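K.L.:
Quick note, the sequences are listed as chains F and Y, same order.
Residue numbers 1 to 197, in the numbering used here, belong to the letters of the first sequence in order.
Residue numbers 1001 to 1197, in the numbering used here, belong to the letters of the second sequence in order.
We treat Cβ as the ideally placed atom computed from N, Cα and C, and that holds for glycine.
Please read all numbers here as calculations on a predicted model, not as lab measurements.
Number of protein chains: 2
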Amino acid sequence: MPRPSNKPRILEAAADLFSRKGFRATTVRDIAEQAGLVSGGLYAHIATKEDLLVEIVGAAAEEFEAALAPIVAGPDSPETKVRQAVRAHLEVVARSRARSRVFLDEWQALSRPRREAVQSLRNRYEQLWGAILQEGADRGSFGVEDLSLARIFVLSCLNAVNRWYRPEGRLPLEVVADHYATWILRVLKGPEGESRD
Amino acid sequence: MPRPSNKPRILEAAADLFSRKGFRATTVRDIAEQAGLVSGGLYAHIATKEDLLVEIVGAAAEEFEAALAPIVAGPDSPETKVRQAVRAHLEVVARSRARSRVFLDEWQALSRPRREAVQSLRNRYEQLWGAILQEGADRGSFGVEDLSLARIFVLSCLNAVNRWYRPEGRLPLEVVADHYATWILRVLKGPEGESRD
DNA sequence: CCTACCGATCGGTAGG
DNA sequence: CCTACCGATCGGTAGG
């Protein structure tokens, strides 16, 4: 009877440490200690430290995409999709804080070939958002001036949430999501007798 | 006749490398080489590698604050102040790309006592924004629902700009600033017959 | 998965 | 500011 592998424990320790101290500042000894083994023992599970980063980033990318894809493909109006998408994004951030933070901030520590693979995962996620925005523009629901700049604007607000959100903070996640969705829709809906000063 | 000191060249090299590779991934040998001397020679100018990070971050904090403070203290309407502040922030980002990126992203690499000093510089800058928002709320110009969440929302969009903005990109800085200011004002102005779905 | 260890590289220093 | 170098620590491995 083999006991459960410690791989998940190692990944969790690595995600936690990478998110708090950064990839470069985290040593394999840190990870091993937090996972309950000694540094050499790590290499029964992985080939290199960078593998851990790749696995964490890949898992987070999947989570974000799995949360968003069904919304994009769904039947609702673009406005409703934006609301759902904001909530889905923030739920992933809240549920997997360390992982999502590594995905959003630490992927740059990857070396060339793997960084490009991650870049394309990030692009796919951004394109899902782009599809919602495009649909809203095509239907005339959104009147925002520059659709691709607006996508960057929206995603940068959302991606920053994991830098400050704490489950024990003043506002519960659903309230943050509601406000953010409302504000983002205000941006996307575009001018309605709005004054330019 | 002493020739000009190389300290500025060292700071510039460090800012460039810290912004591109991160503080931890940059070695004193990298910095020395890019500044045109050998690694030991750095220590004629600095005591530790961390000192460079402190100097860069402090200089950037001063730039951001110097750009915003006169706007906050000025006579214009809150709406106009927001437009000016967005433009001022983005001008600092564009003018000092490496420095501002280090200020916004790499300060977390500082060790405890110095990190707290930087945190308070960051807080001061956020409070300047808070003052503009508060003034707009007091005067009834802004009807946004949660002022302090809105401040976070606004600043996180602006702070993300240095992650993607390139001077040679599609949109000139003034165009980005105009769109961002318009969108931020849309958020801050609040609901005007807006529907909640 | 541990013990024991390696070569490389790190930030920093002594002496000039 | 260079030459020459140091102790510490890094990611990773051999052998069991």
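Is there a C-beta anywhere in chain F that falls below 8 Å from the one on S1111 (chain Y)?
P.N.:
For S1111 (chain Y), the answer is no, since every Cβ of chain F falls outside 8 Å of its Cβ.
K.L.:
Could you tell me which of Y:V1038, Y:F1018, Y:F1023, Y:V1054 sits nearest to N1006 (chain Y), measuring between CA atoms?
P.N.:
Of the listed residues, the one whose Cα sits closest to N1006 (chain Y) is Y:V1038.
K.L.:
Listing by chain order, which chain F residues have their CB less than 8 Å from the CB of Y1180 (chain Y)?
P.N.:
Here the neighbours are F153.
K.L.:
Measuring straight from C-alpha to C-alpha, what distance separates V1028 (chain Y) and Q127 (chain F)?
P.N.:
Those two C-alpha atoms are separated by around 40 Å.
K.L.:
Is the CB of L1017 (chain Y) under 8 Å away from at least one CB in chain F?
P.N.:
No, its Cβ sits nowhere closer than 8 Å to a Cβ of chain F.
K.L.:
Quick one: which chain F residues come within Cβ less than 8 Å of L1149 (chain Y)?
P.N.:
The contacting residues are L171, V176, H179.
K.L.:
Taking all protein chains shown into account, decide if V102 (chain F) is buried (16 or more other Cβ within 10 angstroms of its Cβ) or exposed.
P.N.:
Classification of V102 (chain F): buried, given that the 10 Å Cβ count is 16 or more.
K.L.:
Using CA coordinates, which residue listed in F:R139, F:L17, F:A109, F:V93 is at the minimum distance from N162 (chain F)?
P.N.:
The shortest Cα separation from N162 (chain F) among F:R139, F:L17, F:A109, F:V93 belongs to F:V93.
K.L.:
If the cut is a Cβ gap below 7 Å, which residues of chain Y does D146 (chain F) touch?
P.N.:
Residues of chain Y passing the Cβ test: H1179.
K.L.:
Pick helix, strand or coil for N1123 (chain Y), following the three-state DSSP scheme.
P.N.:
The answer is helix: DSSP assigns N1123 (chain Y) an H, G or I state.
K.L.:
Please name the residue in Y:A1117, Y:T1182, Y:Q1119, Y:A1150 whose C-alpha comes closest to that of A1131 (chain Y).
P.N.:
Selected option, being the one with the closest Cα: Y:A1150.
K.L.:
At least one CB of chain F closer than 8 Å to the CB of W1107 (chain Y): is that the case?
P.N.:
Chain F contact via Cβ: absent.
K.L.:
Whether or not the region 1038-1047 of chain Y and the region 1082-1092 of chain Y are in contact is what I'm after, with contact meaning three or more pairs of Cβ atoms, one per stretch, closer than 8 Å; do they touch?
P.N.:
Cβ pair count under 8 Å is below three, so no.
K.L.:
For C157 (chain F) versus F1153 (chain Y), is the C-beta distance shorter than 8 Å?
P.N.:
Against a cut-off of 8 Å, the Cβ pair of F1153 (chain Y) and C157 (chain F) comes out as a contact.
K.L.:
Can you tell me the Cα-Cα spacing of A1059 (chain Y) and I1071 (chain Y), whole angstroms?
P.N.:
If I take the Cα positions, the gap works out to 19 Å.
K.L.:
So the alpha helix (DSSP H) R9 (chain F) belongs to, where does it begin and stop?
P.N.:
R9 (chain F) -> alpha helix (DSSP H) spans 7-21.
K.L.:
With distances taken Cα to Cα, identify the nearest neighbour of N123 (chain F) among F:Y165, F:E62, F:L173.
P.N.:
Cα-wise, what sits closest to N123 (chain F) is F:E62.
K.L.:
Quick one: does A25 (chain F) have its CB under 8 Å from some CB of chain Y?
P.N.:
For A25 (chain F), the answer is yes, since a Cβ of chain Y falls inside 8 Å of its Cβ.
K.L.:
Thinking C-beta only, is A14 (chain F) closer than 8 Å to R83 (chain F)?
P.N.:
Contact: no.
K.L.:
Here's the rule: buried if 16 or more other CB atoms are within 10 angstroms of the residue's CB, otherwise exposed. What is S1195 (chain Y)?
P.N.:
Unreliable placement is indicated for S1195 (chain Y), whose pLDDT of 46 sits below 50; the coordinate value is still reported in the next sentence. Classification for S1195 (chain Y): exposed.
K.L.:
Since Q34 (chain F) is in the alpha helix (DSSP H), which residue starts that stretch and which ends it?
P.N.:
From DSSP, the alpha helix (DSSP H) with Q34 (chain F) extends over 28-35.
K.L.:
Closest Cβ-Cβ distance between R1114 (chain Y) and chain F: below 8 Å?
P.N.:
No, no contact with chain F.
K.L.:
From W129 (chain F) to I184 (chain F), what does the alpha carbon distance come to, in whole angstroms?
P.N.:
Roughly 12 Å between the two C-alpha positions.
K.L.:
Mind reading off the beta-carbon distance from V1144 (chain Y) to L1188 (chain Y)? Whole number of angstroms is fine, and I expect it under 8 Å.
P.N.:
Contact flag correct, Cβ pair sits at about 5 Å.
K.L.:
Hey, could you find the ends of the alpha helix (DSSP H) H1089 (chain Y) is sitting in?
P.N.:
Element bounds for H1089 (chain Y): 1078-1095.
K.L.:
Just verifying my parser: in three-state terms, what is the DSSP assignment at D1146 (chain Y)?
P.N.:
D1146 (chain Y) falls in the coil class under three-state DSSP.
K.L.:
Could you give the first and the last residue of the continuous alpha helix (DSSP H) run that contains F103 (chain F)?
P.N.:
Per DSSP, F103 (chain F) belongs to no alpha helix (DSSP H) and is neither H nor E.
K.L.:
Could you give the first and the last residue of the continuous alpha helix (DSSP H) run that contains A1073 (chain Y)?
P.N.:
Residues 1049-1073.
K.L.:
What is the rounded straight-line gap between the Cα of F23 (chain F) and the Cα of L17 (chain F)?
P.N.:
Approximately 8 Å, taken between the alpha carbons.
K.L.:
Between A73 (chain F) and D138 (chain F), what straight-line distance do the alpha-carbon atoms span, to the nearest angstrom?
P.N.:
Those two C-alpha atoms are separated by around 16 Å.
K.L.:
Compute the distance between the beta-carbons of L104 (chain F) and N159 (chain F), then report whether it is under 8 Å.
P.N.:
Closer than 8 Å, so yes.
K.L.:
Quick one: is R186 (chain F) near chain Y, going by C-beta distance under 8 Å?
P.N.:
Yes, because at least one Cβ of chain Y sits closer than 8 Å to the Cβ of R186 (chain F).
K.L.:
Answer with yes or no whether the minimum CB distance from G22 (chain F) to chain Y is below 8 Å.
P.N.:
Yes, because at least one Cβ of chain Y sits closer than 8 Å to the Cβ of G22 (chain F).
K.L.:
CB A35 (chain F) to CB I10 (chain F), shorter than 8 Å?
P.N.:
Yes, the pair counts as a contact, with Cβ atoms nearer than the cut-off.
K.L.:
Using a cut-off of 7 Å between C-beta atoms, extract the partners of W1164 (chain Y) located in chain F.
P.N.:
Ordered by position in chain F, the residues that pass the 7 Å Cβ test against W1164 (chain Y) are I152.
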